[in-house]
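To keep things clear, I will list the structure first and then write my remarks on it.
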Amino acid sequence: MSDFYNNGANTNNTNQTNQYGTNQNQTGTSTNNGTYSYTKGQINQGESYYQWTPYDDGKKNKKAKKQGGFAGKVGRAAVIALVFGLIAGISFQSVVLVSNKVFKVSSNKTAIESTETADTSDNSGALDSTASGSTVSTTITSDVSSIAESVLPAIVQVTNVGLKEYQTLFGTVSQEATSAGSGIIISQDDEYIYIATNNHVVSGAETLTITFNDGEAVEGTIKGTDSSCDLAVVSVKVADIPEDTLSAIKVATLGDSDSTAVGEAAIVIGNAMGYGTSVTTGIISAKDREVEIQDEDGNIVSNSLLQTDAAVNPGNSGGALLNVNGEVIGIVSAKLSDESVEGMGYAIPISYAWNIIQQMIENDVVSDLDASYLGIAGRDITSTMAEQYSIPEGVYVAQVVQGSGAADAGIEVEDVITEFNGRKVTSVNTLNNIMQYIAAGTTVEVKVAKANNNYEEETVQVTLTHKIDSVQ
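First residue of the sequence shown? That's -15 in the working numbering, and the numbers climb one at a time after it.
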């Protein structure tokens, strides 16, 4: 069984059929360049989560073999217990002796703390190693209660109530569906607090309810979304929040995900299974993991993600991936679930996400009258296609509209747009998400790989025209 979970939707309706059919048993494909691609059939928003159990090994209906009589069972049990006791005792003593001699670890130390400078005055509970002439002291601990206590006031539950369409024998019917996800209080001004989450957590919402750490619930409004990178911002009016709750919540402290190291301790806090906030721990198991996912609308969501083995479950989407300083280094986004895979959760790096989140906070989606138009028809060039056809990843220009900003800037058919207004472009959907905040008449920088110059990149200035005028 294989699924790529966007863990934002933990629906209460457990009797629906699996809309993805047999494709749910396919694993994602890995290209030679390390990109993992997943189709729509391998994505699950949580709605069929309760239809399977991790304990189902396909043997549920097999009958147990007939055993001997009661006396025989007791005799065998006694012998097995005696042998097990002897082996366990010897093994335990061996492990204790070896670990004490080799690692010199004090039994009352169980946490993980890394320090750049070793304290050689007290080696109790530390593993000492020397590399390149420097000594590093490491203490191993599992107690993250102080970090959780500090960060929990910045974590919220996001409840999405919307209408979902289902195919029945009598046609398509709409039914109210409730899903649960997580969010991080990322910013606050005099009028609003702003909550970062995933786009798939708020997608299709008729109403959004934000529940704070003290249990107080208020209505939230979608401030902005970017489906191309699965990010969204929800705003809540400060006036709607009771004073006691307002004094208890806090804005999360952001870290630097670029400086995160593989093997570093990691903590996940979020609304797992919709039951409320919970905390899990692990490490950063990989960085810059290129993952492409096709969502329900057919859009390619392509991100370079942090990978962690800290438990990620449906409802954790939009929650926080933290370092040992309690700083947010990622926004939890997805989990790979496969019977042969353990502990592969993913988070959007905060250093990448923050600029996009800021744009959503500081800008509103422009009106239809002010909507901008680039003037091309294009198609996505994924990393897989880029490798196959030896062209850059981005948007392939299939057509250029005469008189448009693109044509005036010298963009031509067969060129590939790789960057737009300072942001990497991986799909047409990325372009649309960027342009929804840019008004017509704005001049932007566009990086283009020119087909007539062996796809060498050059930067051009494009003045965007009015979308309405261009359509007419």
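Think of the CB as a built atom: it goes at the ideal place given N, C-alpha and C, for glycine as much as any other residue.
- In the three-state DSSP reduction, leucine 448 falls in the coil class, being neither helix nor strand.
- Taken atom to atom, the span from the alpha-carbon of glycine 394 to that of serine 134 is near 53 Å.
- Take asparagine 405, set aside five residues on each side of it, and the residues of its chain with a beta-carbon closer than 8 Å to its own are Ile418, Ile422, Val428, Glu429, Val430, in chain order.
- Apart from the 5 residues on each side of it in sequence, serine 288 sits with its Cβ closer than 6 Å to the Cβ of Asp272, Glu274 in its chain, given in chain order.
- A contact is defined here as three or more CB-CB pairs under 8 Å, and the stretch 184 to 192 meets this definition with respect to the stretch 200 to 214.
- The three-state secondary structure of tyrosine 336, taken from DSSP, is helix.
- For tyrosine 380, the uninterrupted beta strand (DSSP E) run begins and ends at 378 to 384, by DSSP.
- Looking at the DSSP output, tyrosine 176 sits in a beta bridge with Lys221.
- Per the C-alpha coordinates, the member of Glu248, Asp198, Glu227, Asp399 positioned closest to aspartate 364 is Asp399.
- Annotated as proximal: isoleucine 360 and alanine 390, with beta-carbon spacing under 7 Å.
- Within the DSSP bridge table, the entry for glutamine 291 names Ala270, Tyr330 as partners.
- Membership of glycine 389 in the alpha helix (DSSP H) is indicated by the continuous run 389 to 392.
- Of all alpha-carbon atoms in Asn413, Gln343, Ala424, the one lying nearest the alpha-carbon of aspartate 352 is that of Ala424.
- When beta bridges are read from the DSSP output, phenylalanine 404 appears opposite Arg407, Val430.
- Rounded to whole angstroms, serine 187 and serine 335 show a C-alpha spacing of 24 Å.
- Taking histidine 450 as the centre and dropping the five residues before and after it, the same chain places the C-beta of Ala424 closer than 6 Å to its C-beta, in chain order.
- The stretch 371 to 391 makes contact with the stretch 429 to 448; the number of CB pairs closer than 8 Å reaches 3 or more.
- Residue environment analysis places alanine 245 among the exposed positions, since fewer than 16 neighbouring C-beta atoms fall within 10 angstroms of its C-beta.
- In this structure, Gly314 is the residue among Arg407, Gly314, Ala249, Gln172 with its C-alpha nearest to the C-alpha of glycine 302.
- Glycine 208 has Val217 as its beta-bridge partners, per DSSP.
- In this chain, the alpha helix (DSSP H) harbouring valine 135 covers 129 to 135.
- Judged by DSSP in its simplified three-state form, isoleucine 277 adopts strand.
- The residue from Thr237, Val312, Ala232, Gly266 with its alpha-carbon nearest to that of glycine 247 is Gly266.
- Going by DSSP, leucine 415 is part of the alpha helix (DSSP H) stretching over 412 to 419.
- Contact between the stretch 292 to 306 and the stretch 161 to 179 is established, with three or more Cβ pairs separated by less than 8 Å.
- Closest by C-alpha distance to serine 317, out of Leu215, Ala355, Asn283, Asn307, is Leu215.
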